[in-house]
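Student:
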Amino acid sequence: MPVCVLVGMQWGDEGKGKVIDLLTDRADVVARFQGGHNAGHTILFDGKKFILHLIPSGIFRSGKLCVIGNGVVIDPAAFTEEVCALEKAGFKLDGRLVVSDRANIILPYHSISDRKKEASCNTKIGTTGRGIGPSYADKIARVGLRACDLVDESKLKDLMQENFDEKKRILKNLYNQDVPDFEKIFDELLEHRETILRFIGNTQALMRDVINDGKSILCEGAQGTMLDVDHGTYPFVTSSNSTAGGACTGLGIPPNKIDRVIGVVKAYTTRVGEGPFPTELHDADGDQIRKEGDEFGSTTGRPRRCGWFDAMVARYAVAVNGIDAIVLTKIDVLDQMDTLRICTGYKTGGKVVTEMPASLSAIEQAEPVYQDFPGWKQKTSGLETFEQLPDNAKRYIEGLEKLIGIEIALISTGPDRTQSIIKKDLI
Ligand code: GDP
Ligand code: IMO
Ligand code: MG
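Counting the sequence shown from 1 gives a position; our numbering is that position plus 474.
(1) Expressed to the nearest angstrom, what Euclidean distance is found between the alpha-carbon atoms of Gly695 and Val826?
(2) On the DSSP bridge assignment, give the partners of Leu571 in chain order.
(3) Taking 7 angstroms as the cut-off, is the C-beta of Gln484 nearer than that to any heavy atom in the ligand GDP?
(4) Less than 8 angstroms between the C-beta atoms of Gly618 and Asp626, yes or no?
(5) If you reduce the DSSP assignment to three classes, tell me which class Phe507 lands in.
(6) Could you give the DSSP three-state label for Gln845: helix, strand or coil?
(7) Taking C-beta to C-beta, are Asn674 and Met681 nearer than 8 angstroms?
(8) Would you say Thr743 and Trp782 are within 8 angstroms of each other, going by their C-beta atoms?
(9) In whole angstroms, what is the alpha-carbon distance linking Gln852 and His527?
(10) Does the distance between the C-beta of Ser886 and the nearest non-hydrogen atom of the ligand MG fall short of 7 angstroms?
(11) Output needed for Arg869: all residues of its chain with C-beta closer than 7 angstroms, excluding positions within five of it in sequence on either side, in chain order.
(12) Closer than 7 angstroms to a non-hydrogen atom of the ligand GDP - does that hold for the CB of Pro777?
(13) Does any heavy atom of the ligand GDP sit closer than 7 angstroms to the C-beta of Gly747?
(14) Could you check whether the Cβ of Lys897 sits closer than 7 angstroms to any heavy atom belonging to the ligand IMO?
(15) Cutting at 6 angstroms between CB atoms, please list the residues of its own chain near Ile896, excluding the five before and the five after it.
(16) Where does Cys722 land, buried or exposed, given buried means 16+ other C-beta within 10 angstroms?
(17) If you follow the beta strand (DSSP E) that Gly902 is part of, which residue opens it and which one closes it?
(18) Classify Asn596 as buried or exposed, calling it buried when 16 or more other Cβ atoms lie within 10 Å of its own Cβ.
(19) Whole angstroms are fine: how far does the CA of Lys689 sit from the CA of Gly489?
(20) Under DSSP, the beta strand (DSSP E) around Val746 begins and ends at which residues?
(21) Please list, in chain order, all residues of the same chain as Ser772 whose beta carbon is under 6 angstroms from its beta carbon, the five residues on each side excluded.
(22) Starting from Ser883 and walking both ways along the beta strand (DSSP E), at which residues does that stretch end?
(23) Can you tell me the Cα-Cα spacing of Trp850 and Asp798, whole angstroms?
(24) Work out the CA separation of Phe710 and Ile644 for me, nearest whole Å.
(25) Quick check: the stretch 537-552 against the stretch 659-679, are at least 3 beta-carbon pairs closer than 8 angstroms?
(26) Relative to the alpha-carbon of Gln635, which residue among Pro608, Tyr583, Gly603 has its alpha-carbon at the smallest distance?
(27) Kindly indicate the opening and closing residues of the alpha helix (DSSP H) around Phe660.
(28) Apart from the five residues on each side of it in sequence, which residues of its chain come closer than 7 angstroms, Cβ to Cβ, to Lys631?
(29) State buried or exposed for Lys629, treating a residue as buried only when at least 16 other CB atoms are found within 10 Å of its CB.
(30) Mind checking whether the beta-carbon of Leu863 lies closer than 7 angstroms to any heavy atom of the ligand GDP?
(31) Would you check whether the ligand MG has a heavy atom nearer than 7 angstroms to the C-beta of Ala513?
(32) Tell me the DSSP bridge mates of Pro777?
(33) Look at the Cβ atom of Ile586, then the Cβ atom of Glu592, and state whether they are nearer than 8 angstroms.
Here it is as structure tokens:
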């Protein structure tokens, strides 16, 4: 039974939550490996809609184990809120959710610092304001608090005091910003730590045992390839490795135990926040995609920037992640478009660019080269077989496969679990 890693191939919000929920049917364990509550993964079934931020998207399938790995940063208040909401909705979490004792903790001054930095600097990233960057910065600087530190209250207090004093001075000196009283933050942490301690465990050992028992694991990526801190459009990225390698470090799974990498890609492109986006549309086509696709952020509600499919980005995602099979989502959103464009590559100064440039200005200056495809002007939403698709939709999908160079194994035709065309088994 395989260990599969599932990643977003664009700038996030590709529909990873829907796909994970669907594929969990065939997996034993679903494990998140990076990011935090900046993610928003939407799942629809039986007429109900859920948006998960931290808890893996496999949680709605009874009997499946969900894991939050060491690579995730956890805001205790956000985690408690999500646990309470799921339990209130009737889902049993005890014995089904394990949180890594090595995961770093987000504290209130991390989100204050995130928002203050955004408000005061010239290069605004357009972050979710959730404290993700400052918390990962603490992790790398080796001053962060981890879930295992929550166990011993007096040691926790000493650790947090040191971290708090440093942040208090920085925020005051840099932004003249006061932070809430230490005792207040600490009391709140004590309140929420109970929820984390209910689920805490050694997830690296758990992953090892699960693999040794021959069970299957679905590693759930958050964000997307172009938001990866190393491989994305830096600095307009998130602060973790959202590409497939992040599953090894973020869960403690050795690289030679990964059997397959699945890439999720939207039939067009979206991006939330700032940063280069070569195929972005600022016209009626972009507005139509935003409206039909309901392209508003699942976490912050911000309108998502919309544009044509970018095969240069998709090919790059295949290379960086080692993608074996692709899931194409939201094809139904394009049902009423007259003409569709796929960016086959970039040109800069009249020259064709063959590799994704590192420099921001090179990406900003890149001129997309397009291939046009006729629209199908027919409803595809909810279709469940490839044969039922209109001929022009098939041509568009085949055009994507040719330009990306990888087979599309699953086509999503709507937000609901059932609205899917399974061409080939993924797990
Ligand atoms: P994620 O972050 O990758 O899990 O994606 P989000 O949940 O943030 O955004 C994807 C949005 O598209 C959600 O509202 C989903 O319910 C919706 N969605 C997913 N797949 C499809 C699809 O095939 N068609 C349509 N119309 N909506 C979809
Ligand atoms: P899912 O998992 C889309 C974006 C933010 C911002 C940048 C940095 O739902 O696909 P951060 O708060 O992480 O420091 O913000 O990354 N971003 C996302 N965009 N989907 C996400 O997650 C995102 N998580 C972060 O908008 O541009
Ligand atoms: Mg999302």
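Where is the CB? At the ideal position from N, CA and C, for every residue including glycine.
The structure presented is a predicted model; accordingly, all values stated were derived computationally and were not measured.
Tutor: On the basis of the data shown:
(1) 32 angstroms
(2) Cys540
(3) no
(4) no
(5) coil
(6) strand
(7) Per the sequence shown, the amino acid found at residue 674 is Ile instead of Asn. No, these two residues do not count as a Cβ contact at 8 angstroms.
(8) yes
(9) 34 angstroms
(10) no
(11) Phe847
(12) no
(13) no
(14) no
(15) Leu884
(16) buried
(17) The structure shown does not extend to residue 902, since the chain is modelled only from 475 to 901, so the question has no answer here.
(18) exposed
(19) 25 angstroms
(20) Neither: Val746 is in no beta strand (DSSP E) and is coded neither H nor E.
(21) Gly514, Thr516, Ile525
(22) In the sequence under discussion, the amino acid at residue 883 is Ala, which differs from the Ser named in the question. Note, Ala883: beta strand (DSSP E), 882-886.
(23) 28 angstroms
(24) 23 angstroms
(25) yes
(26) Tyr583
(27) 656-673
(28) Phe660
(29) exposed
(30) no
(31) yes
(32) Phe770
(33) no
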